[in-house]
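The next block holds one structure in the form of structure tokens; read it before the comments.
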């Protein structure tokens, strides 16, 4: 059982679908259906829960269709898409540069907000 959850966790970081992810999806939907069916029974056929059950069932069918479409399409690597390796590495570097620019702007705004504001010591008298 632990091996299943470890494989499920690793599947998050892999492109495409894995058997563990598909099993977890189906188990989640079955638990949702059981809950909604019980709520329909407990509320003596509340229309809101009936509609939610129909929406959940439609969503499950769409998810199954999408998973099958992902299995039919072969995922391509950057080289197969025609992106040279240098450009894909360059994209990673530009992301790091953007992060450093954002960090420097944040640090700059923090130092300017910490600086005390100058006050004008001259006061004007008001005429009543």
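In this note's numbering, the protein residues as written are 4 to 131.
Positions of the beta carbon are idealized from the N, C-alpha and C atoms, including for glycine.
| task | Report back the beta-carbon spacing between residue 35 and residue 24 to the nearest angstrom; my notes put them in contact at under 8 Å. | result | The Cβ separation is near 17 Å, so there is no contact.
| query | Using a Cβ-Cβ cut-off of 8 Å (strictly less than) and excluding sequence neighbours within five positions of residue 59, which residues of its own chain qualify? | reply | 32, 35, 36 and 39
| query | Where does the unbroken alpha helix (DSSP H) through residue 9 begin, and where does it stop? | reply | 5-14
| request: Quick one: grab the DSSP three-state call for residue 139. | output: In this structure the chain extends from 4 to 131, so residue 139 is not present and cannot be described.
| query | Taking contact to mean at least 3 C-beta pairs separated by less than 8 Å, is the segment 13-24 in contact with the segment 42-57? | reply | no
| task | Counting only runs of 4+ residues fully inside the segment 26-77, write out the alpha helix (DSSP H) ranges in chain order. | result | 50-75
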